[in-house]
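Participant: Structure below; questions to follow.
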Amino acid sequence: MKNKISKAIFPVAGLGTRFLPATKSIPKEIMSLVDRPLIQYAIDEARAAGIKEFIFVTSRGKAALEDYFDHAPQLEAELKKKGKTELLEEVKNTSMDSGAIAYIRQHKPLGLGHAVWCARRLIGNEPFAVILPDDIIAAEKPCLQQMVEAFEENPGNMVAAMEVPKERVSSYGVLDIKEDMGSLVSVKGMVEKPPAGEEPSNLAVIGRYLLTPQILKNLNMKQTGAGGEIQLTDAIAHEITEGRPVYGYRFRGQRFDCGSKSGYLQATVSFALSRPELRDDLMGFLREVVNVEQAAE
Ligand code: UTP
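For the sequence shown, position 216 (counting from the first letter as 1) is numbered 216 according to UniProt numbering, and the numbering increases by one without interruption.
Structure, rendered in structure tokens:
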């Protein structure tokens, strides 16, 4: 088995019901933080980690994603004519080389595990990354790159992990810790969405994974788990029962759950405040809102 990770799966076949009616016609991953769609942040993170092949698991209604990665000769010519070189560069960076990107359909939203399984023939016998584009992580060193570096030292299955408040743990996959080594945690069990009070820790799995090809074989069993879905967490947990290593990796960075409205809005404000050309205006507006709220109390 090759040890270098060069392929990443982006499961984007979910229904995005929390953003209806917007997601009736726009894929969630095309929604923007300031001026860049969520998927662009995920692609940039993957590129920084050395990923060369990008595999999208899509579904009906996701054509806007394919268009986004395509060349846009007319738009590019227009920007060139107008001398908008910076924008032109920005637009060119969004298109993908021929053959670097592949699309596979998941015909029914049977769960994240099933979405990953749909890409099995494109992965073959090598470790691979999975990135959920609705988890956006702001970090000095991109999260996936941190993980790839840790993976080179500790090959095995690795999931991004983050401490979450106790009352929210049961909406996540949760790690049962065998040994806590600081940023790396070895894991003796994993549960998807444990009932409140039964969670093994408050260390939750976030949408970045480095996985061995054995996971795809485990997914062949197509066992349904929490919520009646085929869960990626269960396929990873199976590795532990077979005595193979699974690690949690506490990444350095701030994670925003852009699959939820509140997380998406927080990310929008945070990313806008980090842009010098927007910061002062937005800060002034936020102060005004807070003052009005406080005066009303
Ligand atoms: P979510 O649990 O956020 O589901 O999926 P969702 O459909 O995107 O959104 P809601 O909950 O209805 O609002 C987590 C990730 O797994 C992908 C989603 O596209 C998202 O990136 N996914 C989920 C699939 O690709 N297929 C599935 O069957 C389920």
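Quick reminder that beta carbons are idealized off the backbone N, C-alpha and C, glycines included. For clarity, every value in this text was computed on a predicted model and none was experimentally measured.
The ligand UTP and Leu112: does the residue's C-beta get closer than 7 Å to at least one heavy atom of that ligand?
Facilitator: Yes, the ligand UTP has a heavy atom inside 7 Å of this Cβ.
Participant: Quick check on Gln266: does DSSP put it in helix, strand or coil?
Facilitator: In this structure, Gln266 counts as helix in the three-state DSSP scheme.
Participant: Tell me which residues share the same chain as Gln266 and place their Cβ nearer than 8 Å to its Cβ, disregarding the 5 neighbours each side in the sequence.
Facilitator: Excluding sequence neighbours, Gln266 sits near Phe256.
Participant: Report back the beta-carbon spacing between Ile206 and Ala272 to the nearest angstrom; my notes put them in contact at under 8 Å.
Facilitator: About 23 Å separates the two Cβ atoms, so there is no contact after all.
Participant: Below 8 Å, can you find three or more Cβ-Cβ pairs linking the region 121-141 to the region 57-73?
Facilitator: Output reads no: the region 57-73 does not touch the region 121-141.
Participant: Flag Asp134 as yes when its Cβ comes closer than 7 Å to any non-hydrogen atom of the ligand MN, and as no otherwise.
Facilitator: The ligand content of the structure shown is limited to the ligand UTP, which means the ligand MN is not among them.
Participant: Smallest Cα separation from Val12: which of Leu132, Ala102 and Leu75?
Facilitator: Closest by alpha carbon: Leu132.
Participant: In this structure, does DSSP put Arg275 in helix, strand or coil?
Facilitator: Residue state, collapsed to three classes: coil.
Participant: Apart from the five residues on each side of it in sequence, which residues of its chain come closer than 8 Å, Cβ to Cβ, to Asn154?
Facilitator: Closer than 8 Å at the Cβ level, and outside the excluded window around Asn154, lie Leu184, Pro245 and Tyr247.
Participant: Can you say whether Ala196 is buried or exposed, counting buried as having 16 or more other CB atoms within 10 angstroms of its CB?
Facilitator: When all chains shown are included, Ala196 counts as exposed.
Participant: By DSSP's criteria, Thr58 is part of a beta bridge. Which residues make up the other side?
Facilitator: DSSP, once it has assigned bridges, lists Arg105 as partnering Thr58.
Participant: So, does the region 234-244 touch the region 209-220, judging by three or more C-beta pairs under 8 Å?
Facilitator: Flag = yes, the region 234-244 and the region 209-220 touch.
Participant: Buried or exposed for Val292, please, with buried defined as at least 16 other CB atoms from any protein chain shown within 10 angstroms of its CB.
Facilitator: Exposed, by the Cβ-count rule.
Participant: For Ile5, which residues does DSSP report across the bridge?
Facilitator: BP columns for Ile5 are empty, so no partner.
Participant: With burial defined as no fewer than 16 other Cβ atoms inside 10 Å of the residue's Cβ, what is the status of Phe56: buried or exposed?
Facilitator: Phe56 is buried by the Cβ-count criterion.
Participant: What are the boundary residues of the beta strand (DSSP E) that includes Glu179?
Facilitator: Here the beta strand (DSSP E) through Glu179 covers Gly173 to Asp180.
Participant: Of all the options Val164, Lys4, Lys82 and Ile26, which has the alpha carbon lying nearest to the alpha carbon of Ile51?
Facilitator: Among Val164, Lys4, Lys82 and Ile26, the Cα nearest to that of Ile51 is on Lys4.
Participant: How close, in whole Å, do the beta carbons of Gly253 and Ala138 come, if the pair is a contact with beta carbons under 8 Å?
Facilitator: Right, their Cβ atoms sit about 6 Å apart.
Participant: For Ala115, is the beta carbon positioned less than 7 Å from some heavy atom of the ligand UTP?
Facilitator: Flag set: Cβ of Ala115 near the ligand UTP.
Participant: Just curious, the alpha helix (DSSP H) that Arg121 is in, first and last residue?
Facilitator: It spans Arg120 to Ile123 - the alpha helix (DSSP H) in which Arg121 sits, taken as one unbroken run.
Participant: Just the Cα atoms here: how many angstroms apart are Tyr68 and Gly263?
Facilitator: The straight-line gap from Cα to Cα measures roughly 24 Å.
Participant: Alpha carbon to alpha carbon, what distance is there between Val148 and Arg208?
Facilitator: So the two alpha carbons sit approximately 11 Å from each other.
Participant: State the DSSP-derived secondary structure class of Lys188, mapped to helix, strand or coil.
Facilitator: Lys188: strand per DSSP, three-state reduction.
Participant: Name the residue from Met221, Lys261, Val169 and Ser6 whose alpha carbon lies nearest to the alpha carbon of Ile101.
Facilitator: Comparing Cα-Cα distances from Ile101 to each of Met221, Lys261, Val169 and Ser6, the minimum goes to Ser6.
Participant: Return the CA-CA distance between Glu192 and Leu87, expressed in angstroms with no decimal places.
Facilitator: Rounded to the nearest angstrom, the two C-alpha atoms are 43 Å apart.
Participant: Under the three-state reduction of DSSP, which class applies to Asp257: helix, strand or coil?
Facilitator: Strand at Asp257.
Participant: Locate the alpha helix (DSSP H) running through Arg250, then write down its first and last residues.
Facilitator: Premise fails: Arg250 lies in the beta strand (DSSP E), Val246 to Arg250, not in any alpha helix (DSSP H).
Participant: Could you tell me the alpha carbon to alpha carbon distance between Ser171 and Pro194, rounded to whole angstroms?
Facilitator: Looking at the two C-alpha atoms, the distance is approximately 8 Å.
Participant: In this structure, what does DSSP give as the bridge partners for Phe10?
Facilitator: Paired residue(s): Phe56.
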